[in-house]
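Reading the sequence shown from the start, the letters are residues 1 to 414 in UniProt numbering.
Before any comments, here is the structure.
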Amino acid sequence: MKIRFQNLIRELGNLGSEVTVFTPCIKPPETYCGAKVVRVLGFSLPFYRSPTLLLSLGLSVRVLWYLLTRRPDVIHVSSPGLLVFSAILYAKLLAIPLVVSYHTHIPEYIPKYTWKGLVKPMWNIIRYCTLMADLTLVPSKAMKIELSRNKCRDKRIDVWPRAVDTALFNPAFRSHQIRERMTNGRPSDTILVYVGRLGAEKNLEVLRDFLPRLPANVTLCFVGDGPSTPELKEHFKGLPVTFTGMLKGNELSAAYASADIFMMPSETETLGFVALEAMASGLPVVAVAAGGLTDIITQPGTTGFLYPVGDYEQAIGYTRQLITDPELRQRMAAAARSEVERFGWNAAIRGVRDTQYQRAIKIYKAHRRFGTLALRVRTARFMQAVLATFVAIVAGIVGLIHGIGKSIQGAVQT
């Protein structure tokens, strides 16, 4: 999501569009690629501590005044997140077309971090957001199908154009020095790499069972950071596994290009940008056939391998095949690079501006709903969904406190 919006801002500026960014990021720059950046108050999730994952209501006189005086052609908000609710309010109040981007599939995350009973209320909220948006952009065809299956308004859902920076992510950045770092001084090892957030939803712990069943002289390298980093380090203790922490810029490019095989066991990807970056860097991908990854590996067996959800035997077999057959690995690496060379950011963002934003504007003009009975009914349903979610959260907290109290009481009696 971050990469997509950074490129969206940059390329819109290159195309001559005026962009203003409202973000809860801590200490953002005053400008980014020519766009004015305004910080709004943000906070982190209590169950997912991350300095880069912040939520914000975005309710601010400064934001309202800017929208009122500048009258942008489109409000484009990223979701899920609380900021989408204020964007809906501003868009309807000020009569501005609204585009919502749906990037993180929260219903898949909820059972891993909190109570699964929140999944249904969350779907109610997602349905409301897509209903209120003039256009919802999703990162893959698979995600569009998923939203449609759950009764979101599919006629107003469109797929973002795929894109990757093939200059930044390139096999030319392969580095012996980086290979030494990624392998703890064993650069001749075959390097399996994962790049991205280290969180429970990424399913990374399953890779532990792969290593003992693969040929010798293989190192698994995790590039990134996240709330599960301490647990993963303990989980992989004693195995040929390295953790580089978060890398950026040329270091990240070199880490991709210096590896041999990209591993993607996550079953919750709405697209899987890192898989695109790996392919651009000349890596074959071994990934689970779930979510947006099926949109990326369109030629299984040519640019990478897809294995069914939970079929780790097949995943291990594919990985072993790539390790033991260097010619196959090189052939698939070249095919992967060739596949993504067609997806440039400039053309993709031009399509967003000239086609998808214009479509949102046309839909808005044809279906003005502010002040109608239909809007009031939808708003009432939305408030019911929000209330149900908060009641469920409070009930869960009360239950937890009650359980802790009982445990303490039992300990005192003992």
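Quick reminder that beta carbons are idealized off the backbone N, C-alpha and C, glycines included.
Every value quoted in this text rests on a predicted model; they were computed, and no experiment measured them.
Query - Rounded straight-line distance, which links the Cα of Ile261 to that of Phe370 - result: Per-residue confidence for Phe370 stands at a pLDDT of 49, beneath the threshold of 50, marking its modelled position as unreliable; no derived number is given.
Report task. Following the continuous beta strand (DSSP E) through residue 416, name the residue where it begins and the one where it ends. Result -> Outside the displayed span of the chain (1 to 414) sits residue 416, for which this structure offers no information.
Query raised in the report: Sorted by chain position, which residues of the same chain lie with C-beta nearer than 8 Å to Ser253's C-beta, five sequence neighbours on each side aside?
Result: Leu168, Phe169, Asn170, Phe173, Ser281
Query raised in the report: Between which two residues does the beta strand (DSSP E) carrying Val77 extend?
Result: 75-79
Query raised in the report: Per the contact definition of three or more C-beta pairs closer than 8 Å, is the segment 67-86 in contact with the segment 97-104?
Result: yes
Requested in this report: Please go through the UniProt domain "Glycosyl transferase family 1" (188-338) and give each complete alpha helix (DSSP H) segment of 4 or more residues, from N-terminal end onward.
Outcome: 229-235, 249-258, 273-280, 293-296, 312-324
Query raised in the report: Among Gly58, Tyr113, Glu146, Ala278, which residue has its Cα nearest to the Cα of Thr166?
Result: Ala278
Requested in this report: Would you identify the three-state DSSP class for Thr104, choosing helix, strand or coil?
Outcome: coil
Query raised in the report: To which residues of the same chain is Tyr32 closer than 7 Å at the C-beta, ignoring the five residues directly before and after it?
Result: Ile9, Val21
Requested in this report: Please report how far the alpha carbon of Gly196 lies from the alpha carbon of Arg329, in whole angstroms.
Outcome: 22 Å
Query raised in the report: Helix, strand or coil: how does DSSP classify Phe39 here?
Result: The sequence shown places Arg at residue 39, not Phe. Of the three classes helix, strand and coil, the one that applies to Arg39 here is strand, per DSSP.
Query - Rounded separation between Ala289 and Tyr307 - CA only - result: 6 Å
Query raised in the report: Of the choices Leu135, Ile88, Val63, whose alpha-carbon is the least far from that of residue 431?
Result: No statement about residue 431 is possible, as the shown extent of the chain runs from 1 to 414 and does not include it.
Query raised in the report: So Phe22 is in the beta strand (DSSP E); what residue range does that whole segment cover?
Result: 20-23
Requested in this report: Keeping to the same chain, check which residues put their C-beta closer than 8 Å to that of Lys116; ignore five residues upstream and five downstream.
Outcome: Ile110
Report task. Can you tell me which of Phe305, Arg149, Ala259, Pro97 puts its alpha carbon nearest to the alpha carbon of Ser175? Result -> Ala259
Query raised in the report: Cα separation between Lys27 and Tyr90?
Result: 25 Å
Report task. Decide if the segment 336-344 is in contact with the segment 297-313; the criterion is three or more beta carbon pairs, one per stretch, under 8 Å apart. Result -> yes
Requested in this report: Identify the continuous beta strand (DSSP E) that holds Leu137 and give its terminal residues.
Outcome: 135-138
Requested in this report: Look at the alpha carbon of Pro187 and the alpha carbon of Asn217, and state the distance between them as a whole number of angstroms.
Outcome: 10 Å
Query raised in the report: Around the C-beta of Leu192, are 16 or more other C-beta atoms found within 10 angstroms, so that it is buried, or is it exposed?
Result: buried
**Report entry** Spatial distance of Ile125 from Val285 (CA atoms)
**Finding:** 34 Å
Query raised in the report: Excluding five sequence neighbours on each side, which residues of the same chain lie with their C-beta closer than 7 Å to the C-beta of Gly34?
Result: Gly13
Query raised in the report: Anyone know if the C-beta pair for Trp123 and Pro139 falls short of 8 Å?
Result: no
Query raised in the report: In three-state terms, what does DSSP make of Asp354?
Result: helix
Query - Under 8 Å between C-beta atoms of Ala275 and Met182 - result: no
Report task. Take Val309 as the anchor and find which of Glu201, Ala287, Trp65 has the nearest alpha-carbon. Result -> Ala287
Report task. Could you check if Asp189 is buried or exposed, using at least 16 other CB atoms within 10 Å of its CB as the buried criterion? Result -> buried
Query raised in the report: What is the C-beta distance between Val223 and Tyr194, in whole angstroms, given that I count them as a contact (C-beta under 8 Å)?
Result: 7 Å
Query raised in the report: Excluding the five sequence neighbours on either side, which residues of its own chain have a C-beta within less than 7 Å of the C-beta of residue 417, listed in chain order?
Result: This structure does not reach residue 417, given that the chain is present from 1 up to 414, and the question cannot be answered.
Query - Rounded separation between Pro72 and Gln6 - CA only - result: 19 Å
Query raised in the report: Roughly how many angstroms separate the alpha carbons of Leu247 and Arg353, rounded to a whole number?
Result: 31 Å
Requested in this report: Whole angstroms is fine: what's the gap from Ser17's alpha carbon to Gly238's?
Outcome: 53 Å
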